[in-house]
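Enquirer:
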Ligand SMILES: *Cc1c(COP(=O)(O)O)cnc(C)c1O
């Protein structure tokens, strides 16, 4: 592994707890998805700090790969990318609030027109500013989040077709259940979406990008790939659900590391950490690792989580603190400074995002997005590519 920004090695020393993002893996995941979706374009989704991988660095990397589109949730995320010099087209998938439209136009961000009112608002602002807005129409086919209902999309479609200051470049929808082994709900949503697409054509709208597929649908529902797919979790190398078929092979790009900061022997009758919830019935070796729920390592995983030291799995014992946690290594060996893997691989062993999600009783999405900004990100690439 080569650190591409030498200054970040200093942070590595200052804070042993950090996230390492392997950009080569992101490239490989992008290529694997591309190979799996035929002619469809790919819009990697970078919301929530690039699912914890770092918004700007991941976007910069994707721009060098020549991706056709990037997806974010909020206006601010799009502006951050533009200010960082990203010129790839960016779709902001969230709803427009207040008077945000001029900022979208100023930063050349693609707007989501999710209702007739929003489209009218975009049209008016664009006319006032003498600009053309690029918009994607959002159809709600069963998520009940944002978007015009599939059964009442007619007015929006007509207005979009008649618009003179909006270029309708896309029309899209979002699945509520594409990561479920039971695809009946996703199929129903796709059928509803296709009916709206046919209706759009009737009024003369034939946008370049018709899209609905997120990670689950990319894996399980090829007929939903259409003109573009929007992989989030899958692009980062994580499967949204462990029970659905892995039709595309991706590998995790993110490794969460720390180091042993303390070693001690603890005697029976001497409970460990807040609340004194755990104690050994024989003398054990405990190591302390400087990471906690204040970094996003969920406290709910207390008594559940395991991590890797010297290629072996050990249990986290007692309550996870804000900045530190304790690990029972029984009578094995570990030294101060030894590398600890909280998420990722070490010597052929692996702690997966889905495991962490199980321990925390949540989903892998929340594990990644919860690793907060106190944890420095370091970007690496495989030095020897074969
Ligand atoms: C987050 C999001 C995605 C990506 O979802 P994954 O399940 O991570 O692939 C795609 N489309 C929309 C509208 C989203 O909000």
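In our numbering, the protein residues as written are 34 to 419. We treat Cβ as the ideally placed atom computed from N, Cα and C, and that holds for glycine. Small disclaimer: the values here were computed from a predicted structure and weren't measured.
(1) Please report the straight-line C-alpha distance between residue 223 and residue 128, rounded to a whole angstrom.
(2) Using a Cβ-based criterion (distance less than 8 Å to any ligand heavy atom), does residue 264 qualify as near ligand 1?
(3) Name the two residues that bound the continuous beta strand (DSSP E) containing residue 190.
(4) Run through DSSP, which three-state label would residue 347 get?
(5) Could you tell me which uninterrupted alpha helix (DSSP H) segments, each at least 4 residues in length, are contained entirely in the region 119-164, listed from first to last along the chain?
(6) With contact counted as at least three CB pairs below 8 Å, one residue from each stretch, are the region 293-300 and the region 393-412 in contact?
(7) To the nearest angstrom, how far is it from the Cα of residue 281 to the Cα of residue 214?
(8) In or out: residue 53 buried (at least 16 other Cβ within 10 Å) or exposed?
(9) What residue range is occupied by the uninterrupted beta strand (DSSP E) comprising residue 386?
(10) For residue 217 and residue 255, I'd like the C-alpha separation in whole angstroms.
(11) Suppose contacts are defined by Cβ-Cβ distances below 9 Å. Is residue 262 in contact with residue 75 by that definition?
(12) Under the rule that 16 or more other beta-carbon atoms within 10 Å means buried, what is residue 130, buried or exposed?
(13) So, at 6 Å on beta carbons, what are the nonlocal neighbours of residue 274 in its own chain, with the 5 sequence-adjacent residues on each side left out?
(14) Looking at ligand 1, does it come within less than 8 Å of residue 267, judged from the CB to the closest heavy atom?
(15) Tell me which same chain residues have a C-beta within less than 8 Å of the C-beta of residue 154, skipping the five on either side of it?
(16) Shorter than 8 Å, the distance from the beta carbon of residue 458 to the closest heavy atom of ligand 1, or not?
(17) Quick one: measure Cβ to Cβ for residue 241 and residue 180, integer angstroms, because I've assumed they're closer than 8 Å.
(18) Starting from the Cα of residue 354, find the closest Cα among 391, 361 and 329 and give me that residue.
(19) Answer yes if the region 69-85 comes into contact with the region 307-327, meaning at least three C-beta pairs across the two stretches below 8 Å, and no otherwise.
(20) Within this structure, are the beta carbons of residue 427 and residue 359 separated by less than 9 Å?
(21) Can you find the residues in the same chain that come closer than 8 Å, C-beta to C-beta, to residue 232, ignoring five residues on each side of it along the sequence?
(22) Which residues does DSSP list as the beta-bridge partners of residue 372?
(23) Smallest Cα separation from residue 325: which of 304, 111, 283 and 289?
(24) Run through DSSP, which three-state label would residue 107 get?
(25) Confirm the yes/no value for this check: CB of residue 106, any heavy atom of ligand 2, distance under 8 Å.
(26) From residue 49 to residue 392, what does the alpha carbon distance come to, in whole angstroms?
(27) Ignore the nearest five residues each way along the sequence and tell me which others in residue 340's own chain have a CB closer than 8 Å to its CB.
(28) Are residue 265 and residue 398 closer than 9 Å when you measure CB to CB?
(29) Fully enclosed by the region 179-259, which beta strand (DSSP E) runs are 3 residues long or longer?
(30) Give a single yes or no on whether residue 247 has its beta carbon closer than 8 Å to a heavy atom of ligand 1.
(31) Whole angstroms are fine: how far does the CA of residue 304 sit from the CA of residue 65?
(32) Helix, strand or coil: how does DSSP classify residue 411 here?
(33) To which residues does DSSP link residue 89 through a beta bridge?
Expert: Working from what's here:
(1) 22 Å
(2) yes
(3) Not the beta strand (DSSP E): residue 190 falls in the alpha helix (DSSP H), residues 187-195.
(4) strand
(5) 134-139 and 149-162
(6) no
(7) 16 Å
(8) Classification for residue 53: buried.
(9) Where residue 386 is concerned, there is no enclosing beta strand (DSSP E), although the alpha helix (DSSP H) it sits in stretches over 386-392.
(10) 14 Å
(11) yes
(12) exposed
(13) 212
(14) yes
(15) Around residue 154: 129 and 134.
(16) The displayed coordinates of the chain run from 34 to 419. Any statement about residue 458 would go beyond what the structure contains.
(17) Residue 241 to residue 180, Cβ: 19 Å. No contact.
(18) 329
(19) no
(20) Since the first residue shown for the chain is 34 and the last is 419, residue 427 is missing from the structure and cannot be characterised.
(21) 186, 187 and 190
(22) 292
(23) 289
(24) Correct three-state label for residue 107: coil.
(25) This structure lacks ligand 2; its bound ligands are ligand 1.
(26) 23 Å
(27) 322, 346, 347, 349, 360, 373, 374, 375 and 384
(28) Yes, they are a contact pair.
(29) 199-205 and 242-246
(30) Indeed, a heavy atom of ligand 1 lies less than 8 Å from the Cβ.
(31) Cα to Cα, residue 65 sits roughly 49 Å from residue 304.
(32) strand
(33) For residue 89, which the question treats as bridged, DSSP gives no partner whatsoever.
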